[in-house]
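Have a look at the structure below, then the notes.
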Amino acid sequence: MHWILLTLAILAEVAGTTTMKWSEGFSRLTPSLLLFVFYASSLTFLNFALKGIEVSIAYAIWSGLGTAIVVIIGILIFSEPLTLLKTISIILIIAGVIGLNLGGGRA
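The working numbering puts the first residue of the sequence shown at 1, with every later residue one more than the last.
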């Protein structure tokens, strides 16, 4: 259950960051309001996930996978360029998340 909550936290954080881009600096009302809803949801899910997952693991996974997914969304939705450095960085982030999971954490 805690891993499901962490997954929901990641998805909500990614949705919040995506709507932040769409809010255009808080100049568009609906995306601006949604970004607060998504970030509040993300932190709530993360908080409950921490009941069963070590904070060092949960936070690293939450921030790392969130970052990697946002980079991919930037490329696919916002037409940001895919560079060699971005590709290597995403691979390293995912490798780090895998390494943390292999290292353990409360289930």
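For glycine and all other residues, C-beta sits at the position ideal for the given N, C-alpha and C.
Report task. Identify whether residue 24 lies in helix, strand or coil by the three-state DSSP scheme. Result -> coil
Report task. Please report how far the alpha carbon of residue 72 lies from the alpha carbon of residue 80, in whole angstroms. Result -> 9 Å
Query raised in the report: Considering only C-alpha positions, which residue in the set 101, 22, 99, 5 is nearest to residue 47?
Result: 5
Requested in this report: Tell me, to the nearest whole angstrom, how far the beta carbon of residue 32 is from that of residue 42; I am working on the premise that it is less than 8 Å.
Outcome: With 8 Å as the limit, residue 32 and residue 42 do not qualify as a contact, their Cβ atoms being about 16 Å apart.
Query raised in the report: Can residue 58 and residue 68 be called in contact, C-beta distance under 9 Å?
Result: no
Query raised in the report: How is residue 96 classed by DSSP in three states: helix, strand or coil?
Result: helix
Query raised in the report: Are the beta-carbon atoms of residue 2 and residue 75 separated by less than 9 Å?
Result: no
**Report entry** Under 9 Å between C-beta atoms of residue 60 and residue 96
**Finding:** yes
Report task. State buried or exposed for residue 10, treating a residue as buried only when at least 16 other CB atoms are found within 10 Å of its CB. Result -> buried
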